[in-house]
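Here the structure is laid out as structure tokens; the discussion comes afterwards.
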Amino acid sequence: MAKKKDAQEEPEQQINIELSEEMAEGVYANLAMIAHSNTEFVIDFIRLMPGVPKAKVKSRVILTPEHAQRLLTALQDNISKYEDNFGTIRQTNEPMPFPMNFGGPMGEA
């Protein structure tokens, strides 16, 4: 028996996503710094090189709070699937070699 469609059901929309060769190569980053305002989240992806005191932002992604929440949910889901396949991701206890600052004034205690 065929399922009847409710008036509220919308047909699934497909999005055609184009990925250029250059973009498909990706950019390596080993640090992400996140800032936010009341309207957006800014994620800077940075590449730190050992022994080099200066690091460059390789990519910046700006998201609405709703899309930042969706990204968090997707990352949590994918990390869970990764750990199911490959085991728990180890985290080092090494401190970051520089103060975490976005260029604004530093907080004082």
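Under UniProt numbering, think of the first position of the sequence shown as 1, with each following residue one higher.
For each residue, glycine too, the CB sits at the ideal point set by N, CA and C.
If you're wondering where the values come from, they're calculated on a predicted model, not measured in any experiment.
Nearest to residue i by alpha carbon, out of the options?
i, options, result
"F41", "A68, Q91, L19, M23", "A68"
"K58", "T88, D44, T73, Q91", "D44"
"A32", "N85, R47, E12, E18", "R47"
"M49", "L75, F86, Y28, E9", "Y28"
"N30", "A55, E12, E22, M23", "A55"
"S37", "R90, G26, D84, P65", "P65"
"R60", "A35, K81, I79, L75", "A35"
Assuming residue i contacts residue j (C-beta within less than 8 Å), just tell me the rounded distance between them.
i, j, result
"L72", "L63", "The pair is not a contact, with the Cβ atoms about 10 Å apart (cut-off 8 Å)."
Any idea which residues DSSP pairs residue i with across the strands?
i, result
"I59", "The sequence as given places Ser at residue 59; Ile does not occur at that position. Answer by DSSP bridge pairing, in chain order: F45."
"L31", "I46"
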